Every structure is written in structure tokens, then in C-alpha cells.
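Report on the following structure.
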Amino acid sequence: MTRRTAQQEPPTPGGVVAARLRAVTVFAYTVFAVGLLFLVLCAALQLTRVSWASWEMSKYYLLTVLLVIGEMRPLLVARHDGEADRITVSTIFSVALALIGPVTLVLLAQAIAVGLDDLRRRMPLRTLFNIGQYLVTLTITRLVFALSSGNPVMDPATSLDGGDVLPALLAAATFFLLNNGLVSVIVALETGQSAREIFREDIRVGGLTWLILLGLAPVAAVVAEFSLFMLPLMMLPVLGVQHNAWIAALRQHEALHDGLTGLPNRELLRIRAERAIAHAGETGQHVGVMLLDLDHFKEVNDTLGHHVGDGLLREVARRVTDALPAEVTVARLGGDEFAVLVPGADEMGTVGLLAERVADRLRESVHAEGVRIGVQASIGIAVFPQHATTMDTLLQRADIALYRAKTNRGEIQIYRPEIDQHTVLRLSLLGDLHQAVDNEEFEVLYQPQVEARTGRPVAVEALMRWRHPVHGVISPEVFIPLAENSGAIGAMSRTAVQAALTTLAMLRIGGHDVSMAVNISARLLSDLELPDWLRHQLIRFSIPSSRVTIEVTESTITADPKRAMQVLRELREIGVRLAVDDFGTGYSSLSYLRRLKPDELKVDKSFVLQMGVDENSEVIVRSTVDLGHGLGLSVVAEGVEDQETYDRLARLGCDLIQGFHVARPMTYPALQAWLDAAVKHRDPFSRRKGPQVPRARRAPAHRAPA
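In terms of my numbering, the sequence shown opens at residue 162 and continues consecutively.
Written out as C-alpha cells, the structure reads:
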């Protein structure tokens, strides 16, 4: 039979719950009463007509034993929403008994097996329903088989032959339809859903499994008639079905859950949210979405190491889950960001109260590596239907509220239109992102890097901007987060890499042997196909792998550290250079330099820009240069805007210089002209040496998020 595991149905108002409970109770008792009546009638008619102690009965008793074993070892068939249906393999042996055995025996055996299985979970009402369900289903199954095959209704059937194939299949179909029909009705009474839709979903999810089990039932009956001692061999295909179902359920679970915390992931959150929103739209209830971001997690992760950070994330997942009701979904979206789905809330204030409960629970300190860690979270909230009517918009607006909450750390903010000044623009851009990739609205610009000592150009960094046909040039600070949240970042990244490699190939043909640096997004860095794809691109453009530098930041690695490190290892194996971008802005850079084994460090421009006015910034830059050289790495300083800063960096021993003082981001034709001029003039960017090379107009740009 099919039994639903506990699903997270949205809660409903008390009156509706009471009415549904009454309907479920009445239906369950009715089914049990009818089934019990069938059992009593069969027992009264058959008990004295069967020689229960004869050797002939041994095959039926063995089928009974296998039936009980199968009832205790159900299959878990994964559903698309992350839940699971329990399909008991006892179906094979109960239907086999219904075809050839005494009716009373199969009814008693199934009732005892169901009772033992359900009572250990202490669900008396469900136990009564399941017993009644089986008694009704098996009685009618036997009746259909007897009438269609000419076998006796009450007594054991004669040996099966070829003429009994169609009656056996008809009986199996009757068992399936009646069994699943009764389950669909009681689930519909409990949840308010359509029984027809529930039945269709059961067929979609477990149809193939049912077909296998019911197809084996006549085989088990024939084997029982042929040889008692061969009957246990029927457990072998059962074990095969169980193993395949387990593998499928495991893969489904991995696809819908976070590997670190075991929580639902973004996809499962979306599935449950869409179901909750549809349900709330019918009942007039609310659905709340919280986005939760840990404050100072980066410092904890950087100072104590990633293994401590992972442990902290697992503890946060446990605390948030424990603080909330069972019907609430807690999901991890990546990094230190979590989401909470509150379905079917009676009022909007309920979501806020739950958020306060979560925040209070997280304020309790955590002990890790002998250090007491104080944890707090910023929380943003959006509620259906007040703030949005779709899952995507709810997440967007909860994210806006979270951004406001993070400005003061540890706050809880509910979305308000006044804190979202760019709502219309953001929504418009979100819809245009995918089309922008197809329409080639994204433009890749290039900024040279020169040797600090000689001024010779040796590398170029690819940067990206969006020229929107309506809104003009869109800031990367706007479109990059939108692209990451919408999933468009993957297509954008590959487009940027291909454009950069095309430019590099053309530069090499033109006689400029420079390297190309491309910044990698977290999504692309977690793509296990990236190394092979990049290898093919390098072959396609005839570019040595050593002429390509992949720039990564800590945030791109921590989104999915295990997959990211695997991808980076494979990139190193094909000869691509690795650079640590924005070095010095976090504490963890030292901790993961050893694991990453980069070729290059990039000093963050925030320190470079402050060198002339802040002694500490110059000390940090000097230390970074010394550290890089001590590790045998090349050091690049970005954000150089004047000659004085350039000279300071050269004296400190910085290897490469990048910034507006050297050149602004420019198109490929402008870059070609700039490099041609650099061949004639050793120092084309200097105001004191050589001619002034025409500079590209300043335009908002962003490292190509490859």
C-alpha cells in the first residue's frame, strides 16, 4: 500500500482543522468497520472448511511470513517536493495470497502485519484505517479474481495456468486502484487537496514501483504452487527493487538538500513555497519568508578556519530548526545565508514573532575549538500577499529587508516599500537579464596591468558592464547581485570568458604576448564541468593555459568550498594560473593560501587608495608584498590613480600595477591601440615619460564574473 510520510502541509485555522479531523475520523472508522465485517464473514464461512494443519497449507504460511517481513521493510519513493511515499513490498505476497490462498488467512495476516508496523509508531487512528483499507482491498481483489477466472471465492484456488494471467492482472489492477483510491480520499480529507490530484501524483511518483511489485505477485503465486523451498528466492527481486528505490531516494535527497547542514536547499524551498502560496491563496492566509544572515561569520570563519565555520553553520541550522514549529521549512541558500518559510500563518505578526524567537536562540554563545563564539543574525522578512504574490518577488523583498537589517547588525526588518527605492527598476532588470545575454548587451572591457619597474604591459584584466537599451549603463553593483540571484550569472560568466579569450587570441595574433585575467563567480566555480570546458576553449583559441589567470575571492570559495577546491585543483592541473583577488580585506586569506596555492596576490584597492593618507594602509600593503614574495608569488596592486602611489608601490617591490593612472577600462580596439603605443614607448601611462596615449572614457565596470 501507499502511505504518506509526514508532509509539511500549511497549518489551517482551528475550525477548519477540527472539521477535517472529524471527516478523517469518520472515514477511517467507516473503512475499518467495513473491512472488519468482511473479515468476520469470511472467517465464519471458511474456518471449518479448511484443514489449517495440513502440509498443503505450508506454502500459504510461508507467504504469510514473507508478507509480514515485507510490511516491516517498506520502500521510500521520493516525491518532487522532497517528501516520500512508503510503498510496502508486502504487496507482492498479499496479492499472491489473495490469488491462491484462503481468504481468511490473507486478511488475518495482513491485519496483523499492518497492526504491528503501525502500532510501533503509535498512530492508532491510522492503524485502524490501514487495517480496514487492506481488508476491504484484499477481499474485493479476491472476489474479482475468482469471478474472472472461475476459481472459488473462499477456498484456496486450484493451480494457476495460462488462462489465469488476465484475471490475475485484473485483480492486481483492482488492488492498486482501490488501495490508492482509499489513501487519496483520506489524504484529501485531511489536507483539503483534490483526491484526484493526489491519486495522479501517486501514480506519477510510484507508478513504476507499483507495476514491478504487482507484476511479481502472480509470479510469487506460481512459485509457491511449484516449490515451497524456492519461494524464499522471491525475496531477491524484492531486495533489488528496494536497493534501486533507496538509490533513487538518496539522489533525490541530495538534489534537494544542502550537503553541509542537511537542510533543504533553494530548489526545495521554492517547491514548498509555491505550494504554500497556492494554498494560502485559497484560504486567505499569509506565507512568510525570512532571510537570515549571520553577523561577523566571516571573521569567525577566517580566524578559526573553515572547519570551525562549517561546525558553526551546522549548529545554527540545528538551533533555527529547533526554535520553529515542525511545519516551518528552514533552508540554507549558501554561505552563511539561511531562509525560513512560514506557511499558512493566521496573521502577519506571527512571522515577526517567529523571527524574534530565532534571533533569541542564536544569541546564545557557541563553543568551538575552545573559544566561546557570540553569534547573532540579521533577519529580513517579506509576507504573502502584502509584499508580493510570487516566490521570486518574496525572496527579493526579504533580501531588501535583510540588507537594511544588516546596516545595524542583529536587527529584524520587515519589508516596506519606502526602503526599496529601486523596486521597479530592479524588477524590470531582473526580467531583462536573460534576454540581455542573448542580445549581447553585456560588454567586456579590458584594463592593462604593467610591470612596476619597467612600465611594460604584461597582462590585461577582463571587466564587464551592461549597456541596457532603455536604462543606459547599469552599475555592476546592481546587475551582478541580480544575476547571481536569478541564475543568469552562469550564462554571463561563460560569455565573458569566451569574449576575453577571443580578445587574447587576437592580441597574440597582433604580436602582444600578454596574459588575460578573468574573475570567476561562485556559481561557475562550483561547476564541475568548468575545467573541461575551459580546456576546450583554450584549444579552440590556441592559447597556452599559462596565459590565463583565474581570479577568485574568498566569498566565491566559501559558497561551496568542497566543489570549489576540486574545480580549482583541476584548473591548476591544466596549467591555468590562479590569483587571490582583494587580498587583505579578510582574515581568512592566510588560512586558505596554503590550500589554494595561488600564483598571484592582488592587493585590494581600498588599501592602495589610502596609502598616502593612512600609514596603516601602507604597512598592510608592504606586508602583503613581503608575504607574497616570501611565498614565491607575484603581487598586483589595483586602484592606482596617481604617480605618487605608483612610485610608492614600486619602491615597496610590488610586481604589477593596475588602475586609472595606468589606463582606464577600454574596448578591444582601444586596448589594441594602447598596446601598440606601449611597444613604442616603454612607459605610455606616465605623465613624465613618453606621449599621452588616448584613454578610454571612464565607464562603470566590473570584473567579468566568469
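Glycine included, C-beta positions come from ideal geometry on N, C-alpha and C.
Just so we're clear, the structure is a prediction, and the values are computed from it rather than from any experiment.
Among S251, I540, K220, the one whose alpha carbon lies nearest that of V229: Within the sequence shown, the letter at position 68 stands for residue 229. V229 has its Cα closest to that of S251, out of S251, I540, K220.
Nearest neighbour of I818, chosen from G773, R669, R614 [CA to CA]: Numbered from its first residue, the sequence shown carries residue 818 at position 657. Measuring from the Cα of I818, the nearest candidate turns out to be R614.
Close-in-space but distant-in-sequence residues of the same chain around T300 (CB under 6 Å, 5 per side omitted): As a first step, residue 300 must be located in the sequence shown, where it is residue number 139. These residues qualify, in order along the chain: F199.
Chain-order list of residues whose beta-carbon lies under 8 Å from that of A666 (same chain, five-residue window excluded): As a working mapping, residue 666 is identified with position 505 in the sequence shown. The answer, listed in chain order, is F702, S703, I704.
Chain-order list of residues whose beta-carbon lies under 6 Å from that of A434 (same chain, five-residue window excluded): By one-based count along the sequence shown, residue 434 stands at place 273. Around A434: L502, M552.
Distance, M653 Cα to P845 Cα: Locating residue 845 in the sequence shown gives position 684, where the first residue counts as 1. Locating residue 653 in the sequence shown gives position 492, where the first residue counts as 1. Any reading at P845 must be qualified, since the residue scores a pLDDT of 48, below 50, and its modelled position is unreliable; the value itself is stated next. P845 and M653: Cα-Cα distance of roughly 33 Å.
Assigned exposure category for R730 - 16 Cβ within 10 Å defines buried: The sequence position of residue 730 within the sequence shown is 569, counting from 1. Looking at its Cβ environment, which holds fewer than 16 other Cβ atoms inside 10 Å, R730 is exposed.
As assigned by DSSP and simplified to three states, the class of E690: Counting from 1 along the sequence shown, the entry for residue 690 is found at position 529. It is coil, neither helix nor strand.
For D871, the three-state DSSP class (helix, strand or coil): Residue coverage of the chain in this structure runs from 162 to 867, which leaves residue 871 outside it and unanswerable.
Beta-carbon proximity list for R518, same chain, < 8 Å, skipping 5 on both sides: Position 357 of the sequence shown, counting from 1, holds the residue named residue 518. Hits under 8 Å: A484, L485.
P630 versus Q608, Q596, I650, A661, residue with shortest Cα-Cα distance: The residue you call residue 630 lines up with position 469 of the sequence shown. Answer by Cα proximity: Q596.
Beta carbon of A381 nearer than 7 Å to that of A270: Here the question's residue 381 lines up with position 220 in the sequence shown. Here the question's residue 270 lines up with position 109 in the sequence shown. Result no, Cβ atoms of A381 and A270 do not sit closer than 7 Å.
Cross-strand partners of F545 (DSSP beta bridge): Taking the sequence shown and counting its residues from 1, one reaches residue 545 at position 384. Looking at the DSSP assignment, F545 forms a beta bridge with V448.
DSSP-derived helix/strand/coil call for Q771: Along the sequence shown, one-based indexing puts residue 771 at 610. DSSP places Q771 in coil when its eight states are reduced to three.
Length of the line joining the Cα atoms of S255 and V314: Locating residue 255 in the sequence shown gives position 94, counting from the first residue. Locating residue 314 in the sequence shown gives position 153, counting from the first residue. About 16 Å.
Coarse secondary structure for P845, derived from DSSP in three states: Indexing the sequence shown from 1 puts residue 845 at position 684. Note that P845 scores 48 on pLDDT, short of 50, meaning its location in the model is unreliable; the coordinates nonetheless yield the value given after this. The answer is coil: DSSP assigns P845 none of H, G, I, E or B.
Through-space distance from E638 to L668, alpha-carbon basis: Position 507 of the sequence shown, counted from the start, is the residue given in the question as residue 668. Position 477 of the sequence shown, counted from the start, is the residue given in the question as residue 638. Looking at the two C-alpha atoms, the distance is approximately 29 Å.
Element boundaries [beta strand (DSSP E), containing S795]: Looking up residue 795 in the sequence shown gives position 634. Here the beta strand (DSSP E) through S795 covers 795-799.
Inter-residue spacing [alpha-carbon to alpha-carbon] between A623 and V481: Counting from 1 along the sequence shown, the entry for residue 623 is found at position 462. Counting from 1 along the sequence shown, the entry for residue 481 is found at position 320. Rounded to the nearest angstrom, the two C-alpha atoms are 41 Å apart.
Meets three-Cβ-pair contact criterion under 8 Å: the stretch 673-680 and the stretch 601-620: yes
Contact set for S294: own chain, Cβ-Cβ below 6 Å, skip 5 residues either direction: In the sequence shown, residue 294 corresponds to position 133, counting from 1. A quick correction: the sequence has Gln, not Ser, at residue 294. So the list reads V192, L343, once near-sequence residues are dropped.
When G196, L260, E734 are compared against I292, the one with the closest alpha-carbon: Translated into positions along the sequence shown, residue 292 becomes position 131. Cα-wise, what sits closest to I292 is G196.
Proximity to E601 [Cα-Cα], best of T656, N341, E799, E476: Position 440 of the sequence shown, counted from the start, is the residue given in the question as residue 601. Per the Cα distances, T656.
Three-state secondary structure (DSSP) of R210: Position 49 of the sequence shown, counted from the first residue, corresponds to residue 210. R210: coil per DSSP, three-state reduction.
Reduced DSSP category for H457 - H, G, I as helix; E, B as strand; rest coil: Sequence index remark: in the sequence shown, residue 457 carries index 296 (1-based). Reduced to three states, the DSSP call for H457 is coil.
Through-space distance from S778 to A811, alpha-carbon basis: Residue numbering aside, residue 811 sits at position 650 when the sequence shown is read from its first letter. Residue numbering aside, residue 778 sits at position 617 when the sequence shown is read from its first letter. Each residue's alpha carbon lies about 16 Å from the other.
Opening and closing residue of the alpha helix (DSSP H) in which Q285 lies: For the purposes of this step, residue 285 is identified with residue 124 of the sequence shown, where counting begins at 1. Note on residue identity: the sequence assigns Pro, not Gln, to residue 285. Residues 285-310.
Range covered by the beta strand (DSSP E) that runs through P618: Counting from 1 along the sequence shown, the entry for residue 618 is found at position 457. Run containing P618: 618-629, per the beta strand (DSSP E) assignment.
DSSP three-state assignment for H418, whether helix, strand or coil: Here residue 418 corresponds to residue number 257 of the sequence shown, with the count starting at 1. Here H418 sits in strand by DSSP.
Three-way DSSP call (helix, strand, coil) for P830 in this model: As a working mapping, residue 830 is identified with position 669 in the sequence shown. Note: P830 maps to helix in three-state DSSP.
Check: G571 C-beta below 6 Å from any heavy atom of the ligand SAM: Among the components modelled here there is no ligand, and therefore nothing to report on the ligand SAM.
Beta strand (DSSP E) segment containing Q819, residue limits: Here residue 819 is taken as the residue at index 658 of the sequence shown, counted from 1. Run containing Q819: 817-819, per the beta strand (DSSP E) assignment.
Bounding residues of the alpha helix (DSSP H) (the contiguous stretch that carries M315): The count along the sequence shown starts at 1 and reaches residue 315 at position 154. Unbroken run through M315: none, as it is neither H nor E.
Environment of I670 [buried if 16+ CB atoms lie within 10 Å]: Residue numbering aside, residue 670 sits at position 509 when the sequence shown is read from its first letter. Its Cβ having fewer than 16 others within 10 Å, I670 is exposed.
C-beta atoms of V797 and K766 nearer than 7 Å: Start at 1 with the first residue of the sequence shown, and residue 797 comes out as number 636. Start at 1 with the first residue of the sequence shown, and residue 766 comes out as number 605. No; because the gap between Cβ atoms is not below 7 Å, this pair is not in contact.
Whether G800 touches L757 by CB criterion (7 Å): As a working note, residue 800 is residue 639 in the sequence shown. As a working note, residue 757 is residue 596 in the sequence shown. For G800 and L757, no; Cβs fall outside 7 Å.
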